[in-house]
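Q: Position one of the sequence shown corresponds to residue 14 (this note's numbering), numbered consecutively onward. Positions of the beta carbon are idealized from the N, C-alpha and C atoms, including for glycine. On a predicted model such as this, the values are computed, not experimentally measured, just so you know.
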Amino acid sequence: MRIKDILSPESMIMDLKAKNKEDAIKEMADLEVATDIVNDEDAFIKSIWDRENESTTGIGGGIAMPHARNKSINKARVLFAKSKDGIDYNSLDGQPVHLFFMITAPAGADNTHLQALAKLSGLLINPDLVEKLKAAKTPEEVIDLFEKAEAKKDEEDKKAAEAKKAKEAAKAQGNSDDDNKPLIVGVTACINGIAHTYMAQEALIKEGKKRGIEVKIETNGSEGVKDKLTPDEIKRAKGVIIASDKKVDMPRFDGKHLVNRPVVDGINKPGELIDDIMDSKADVYHASAQDKSEESASTEKPGVWASIYKNLMNGISHMLPFVIGGGILMAISFIVENYMGGPKTPAFIFLNNAGNLAFAFMVPVLAAYIAESIGDLPALMPGFVGGYMAAIVNGQFQVNVQAHATSPAGFLGGIAAGFIAGYLMVGLKKLFANLPHSVEGMKPMLFYPILGLLLIAAIMFYIINPIFSGINFAITHFLNSMGTGNLVLLTTILAGMMSIDMGGPFNKAAYVFASGAFANDPHSATAAILMAAVMVGGMVPPFATAIGTAFFKNKYTMEERRAGVSNWVLGFSFITEGAIPFAAADPGHVIPSCIIGSAVGGALVGLWHVGVLAPHGGLWVSPLAGNIGGPSHILFYFLATIIGSIVAGLIMSFWKKNVKDDPNE
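(1) Tell me whether SER293 is buried or exposed, calling it buried when 16 or more other Cβ atoms sit within 10 Å of its Cβ.
(2) Tell me whether ILE664 is buried or exposed, calling it buried when 16 or more other Cβ atoms sit within 10 Å of its Cβ.
(3) Taking contact to mean at least 3 C-beta pairs separated by less than 8 Å, is the stretch 363 to 370 in contact with the stretch 392 to 403?
(4) Please state the DSSP three-state secondary structure of LEU503.
(5) Going by C-alpha to C-alpha distance, which of ILE226, LEU543, ALA179 sits closest to THR504?
(6) Quick check on the burial criterion: 16 or more other C-beta atoms within 10 angstroms. Buried or exposed for PRO449?
(7) Going by beta-carbon coordinates alone, are VAL603 and ALA596 separated by less than 8 Å?
(8) Using a Cβ-Cβ cutoff of less than 8 Å, which residues in the same chain neighbour GLY355 once the five nearest sequence positions on both sides are dropped?
(9) Which word fits PRO140, buried or exposed, when buried means at least 16 other C-beta atoms lie within 10 angstroms of its C-beta?
(10) For LEU20, count neighbouring Cβ atoms within 10 angstroms of its own Cβ and tell me buried if that reaches 16, exposed if not.
(11) On the criterion of 16 or more Cβ atoms from any shown chain inside 10 Å, does TYR650 qualify as buried, or is it exposed?
(12) Could you check the C-alpha separation between ASP296 and ALA559 for me, to the nearest Å?
(13) Mapping DSSP to helix, strand and coil, what is ARG90?
(14) My assumption, with CB atoms under 8 Å, is that ILE255 sits in contact with LEU271. Please give the rounded CB distance.
(15) Since PHE372 is in the beta strand (DSSP E), which residue starts that stretch and which ends it?
(16) Once you ignore the five residues that flank MET326 on each side, which residues in its own chain have a CB closer than 8 Å to its CB?
(17) When you compare the stretch 465 to 481 with the stretch 575 to 590, are there three or more beta-carbon pairs, one atom per stretch, that lie closer than 8 Å?
(18) What is the rounded straight-line gap between the Cα of PRO244 and the Cα of TYR436?
(19) Grab the span of the beta strand (DSSP E) containing ASN724 for me, first residue to last.
(20) Just reading off the alpha helix (DSSP H) that PHE651 is part of, what are its end residues?
(21) What would DSSP say about ILE207, mapped onto helix, strand or coil?
(22) Quick check on the DSSP output: the alpha helix (DSSP H) that includes PHE595 runs from which residue to which?
(23) Which residues in the same chain as GLY284 place their Cβ atom closer than 6 Å to its Cβ, once the five residues preceding and following it in sequence are excluded?
(24) When you compare only the Cα positions, how much space is there between PRO152 and PRO22?
(25) Quick one: using the 10 Å Cβ neighbour count with 16 as the cut-off for buried, is LYS679 buried or exposed?
(26) Which value, in whole angstroms, describes the spacing of the CA atoms of ILE10 and GLU54?
(27) Taking C-alpha atoms, which residue in LYS248, VAL276, ILE280, LYS282 lies nearest to SER267?
(28) Give the range of the beta strand (DSSP E) segment to which LEU271 is assigned.
(29) Pull up the distance between the alpha-carbon of GLY71 and that of LEU92, whole angstroms please.
(30) Suppose you measure from the CA of ILE50 to the CA of ARG15; what does that come to, to the nearest Å?
(31) Could you pull the start and end residues of the beta strand (DSSP E) that GLY199 belongs to?
(32) Quick one: complete alpha helix (DSSP H) runs, 4+ long, within the stretch 372 to 407?
(33) Check each candidate in ALA404, LEU441, PHE432, ALA434 and name the one with the smallest Cα separation from PHE424.
(34) Can you tell which of THR589, VAL618, ILE38, ALA546 has its C-alpha closest to the C-alpha of PHE556?
(35) Using only the alpha-carbon positions, how far apart do ALA661 and ALA627 sit?
(36) Does DSSP put HIS622 in a helix, a strand or coil?
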C-alpha cells in the first residue's frame with residue numbers, strides 16, 4: 014500500500030483549533046464523519062479512546078497516531094492534522110503534539126491500519142520530514158512530501174537489499190571482504206543500575222577484544238536502556254550473554270545459544286561466559302507464549318533459590334529509590350531538628366513528612382514488583398495491595414483478623430505478600446487458559462484484578478498478617494532488647510557479609526536485613542546501629558583498596574592505582590562496587606582481607622553503639638551519627654570506618670605479592 018492511497022486533501026486539517034486532547038479527537042472525528050469515512054461518530058470516538066486508554070498513541074517527537082478498526086468506519090484512510098501551538102496529548106516523551114495521523118480501517122480490513130502505522134512510523138523517523146511537515150502550508154504539499162520521502166525510502170531499501178544480496182553472493186564464493194569476527198551480544202543489568210551494569214559491560218567487551226571476538230552489550234541501568242541491540246545484531250550473533258539481577262526483554266533471543274547469570278558473573282567471569290557461547294556449551298533458548306511474561310531466559314531452568322533471589326531482587330530494585338530518597342530526606346530532617354531549630358521548624362516538618370511519605374511506599378512497592386516479576390503485569394495490583402496491608406497495622410482500615418494487633422506484618426510480611434500475589438496470578442492464568450477466545454479480553458480487565466484482589470486480601474487478612482505481625486513484633490522486641498555482646502556479634506556478621514560478594518546475594522541480604530529493621534521503626538536505636546554497621550562494612554572495601562594503592566604502590570598495577578584514587582570518593586559515598594575490579598583480579602587476597610576489615614569495623618560499631626538514622630549515604634550522613642545513648646558526635650562512626658579500612662588495606666597489601674614491572678608505568 015502506497016502512502017498516497019491512504020492520504021487525501023479532504024482529510025486534512027492544516028490548522029487544528031483544539032487546545033486539548035479531548036477536543037482534538039472530537040475535531041478530527043467530526044471531519045471523518047463529514048467526509049463519509051465514519052458512519053457512527055460516538056462509536057468511533059469510543060474506539061479511539063479505548064485504544065488511548067490502553068496506552069497513549071502520542072509516540073513522541075511531536076507526533077500522535079490515534080487509530081481504530083471497527084464497523085463504524087467505511088474506508089481506510091489517514092487523516093492528517095496540524096496544531097501550530099501544540100496539544101498536551103499525554104505523549105511518551107511528555108512533549109506537546111503538533112502533527113496528528115488518525116488512522117482508520119473498516120472492520121473487514123486486513124490489518125490495514127497496522128500496515129499504515131508501520132509505513133508512517135518508518136517515514137516519520139526522519140527528522141527532516143517531520144520538520145517539513147510542520148512547515149507545510151497546504152494538503153498538496155503534505156502529500157508531495159510523503160511521496161518524495163516514500164520514494165527515497167524505497168530506493169534506500171532497494172539498494173540495501175541489493176548490497177545484502179551481493180554480500181551474500183560474495184560470501185558464497187569466498188570473496189567477502191567483510192569482517193569475519195564472531196559476534197556475541199548480551200544484556201547487563203543490576204539493581205541500582207549504577208556500577209555493576211557498566212562494569213559487566215566493560216569486562217565482557219574487554220575480554221572479547223582479547224580473544225578477537227566482537228561483543229556488543231546492551232545496558233539496562235539508571236539511565237534506562239543504552240546501546241540497545243538491533244534485530245540484525247541478535248540474528249548475526251553466535252550467542253547471547255545475560256548478566257542481570259533483574260528482568261530484561263527476553264523473547265527477542267528466541268533460538269539463540271544463551272547463558273543467564275547474575276551480573277557479578279559478567280564482571281568476575283567474562284571469559285567463562287564467552288567460552289560457554291563459543292564452545293556451544295550454552296543451551297538454546299526457545300521462547301513460548303508464557304516465556305514472554307517470565308524473566309528466566311534460559312532453557313536451563315534456574316533452581317528454586319535462583320528463582321526466589323531474582324524475583325526478590327526485582328522488588329528490591331524498585332524499592333530502593335523510595336528507601337534512599339525517603340530515608341535521606343528523613344535524615345536531613347533530623348539534622349535540621351538537631352542543629353537548626355528543633356521539631357517545630359517548618360523545614361523539619363516539610364522534610365520529615367516528605368521522607369515519611371516516600372518511606373511509606375517501601376513495602377508496597379517491594380511486594381508489587383516481586384509479584385510482577387512472577388506473574389507479570391496482572392500481579393502488580395494484588396502485590397501492591399498485599400504489601401500495603403503488610404505495611405499498616407489497622408488505622409481506619411482493619412487489615413488484620415486480629416483487630417488488636419499492635420505491629421504491622423512489616424518487611425517480611427511484604428515479601429510474603431509479593432510472592433503469594435505473584436503465584437496466585439500464575440495460578441489464575443493457568444485456570445483461565447482454556448477460556449473461549451471471545452472472552453480473552455475479559456481476563457486482564459475483569460477476572461485477574463477482581464479475583465487477584467479478593468484472594469490476596471483474604472490471605473493477608475486471615476493468614477499472613479496475623480502470623481507475621483507477631484513475628485515482626487518479636488523480632489523488633491528482640492533487637493531492641495539486645496545486650497552489647499549479642500549486638501556486637503550481629504553487627505560483626507552483617508558488616509562482614511557486605512564484603513563477601515560486594516553487591517551479590519550476601520551483600521544484599523545484610524543490607525535488606527538492616528534496612529528492614531529501619532523500615533519497621535526508623536526511630537529505633539538498634540535499627541540505627543544496624544544501618545551504621547552495614548554502611549561501615551560496605552565502605553571498607555573501596556577505602557581499603559584506596560589505602561593499599563596509595564601506600565603500597567609496588568603491590569598494584571598502574572591501572573589499579575588509577576582506580577584506587579576514585580575509590581576514596583566511592584568509599585565515602587557507600588558504593589562498595591569500587592572494589593570489585595580488585596576482587597575480580599585477585600579474589601583470594603582481596604575478599605578475605607575486606608571481610609576481616611569490614612567485620613572489625615562492624616564490631617566497633619556494635620561495641621561503641623554507633624548509630625546512623627539513615628538507610629544510605631555513607632559518610633555524607635555522618636552528622637546523624639553518634640554514640641546511641643551517649644554523646645551525640647560523629648567521631649565513633651569515622652573511627653569504625655577508618656580502623657576497619659586500615660586493617661583490610663594492610664592485610665591485603667602485605668599479603669599480595671609485588672607486581673612485575675608495569676609496561677604502562
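A: Checking against the coordinates, here is how it stands:
(1) exposed
(2) buried
(3) no
(4) helix
(5) LEU543
(6) exposed
(7) yes
(8) PHE361
(9) exposed
(10) buried
(11) buried
(12) 41 Å
(13) strand
(14) 7 Å
(15) Taken as a continuous stretch (DSSP letters only), PHE372 belongs to no beta strand (DSSP E), being part of the alpha helix (DSSP H) at 359 to 373.
(16) ILE204, ASP258, LYS259, LYS521
(17) no
(18) 32 Å
(19) Any question about residue 724 goes unanswered here, given that the chain covers just 14 to 678.
(20) 648 to 668
(21) At ILE207, the pLDDT of 47 sits below 50, so the modelled position is not reliable; the number obtained from the coordinates is stated separately. Here ILE207 sits in coil by DSSP.
(22) 593 to 598
(23) GLU220
(24) 5 Å
(25) Here the chain has residues from 14 to 678 only, and residue 679 is not among them.
(26) No answer is possible for residue 10: it lies beyond the span of the chain, which begins at 14 and ends at 678.
(27) In the sequence on display, residue 267 carries Asp and not Ser. Of the candidates LYS248, VAL276, ILE280, LYS282, the one whose C-alpha sits nearest the C-alpha of ASP267 is LYS248.
(28) 270 to 274
(29) 15 Å
(30) 19 Å
(31) 196 to 202
(32) 375 to 388, 393 to 404
(33) ALA404
(34) THR589
(35) 25 Å
(36) coil
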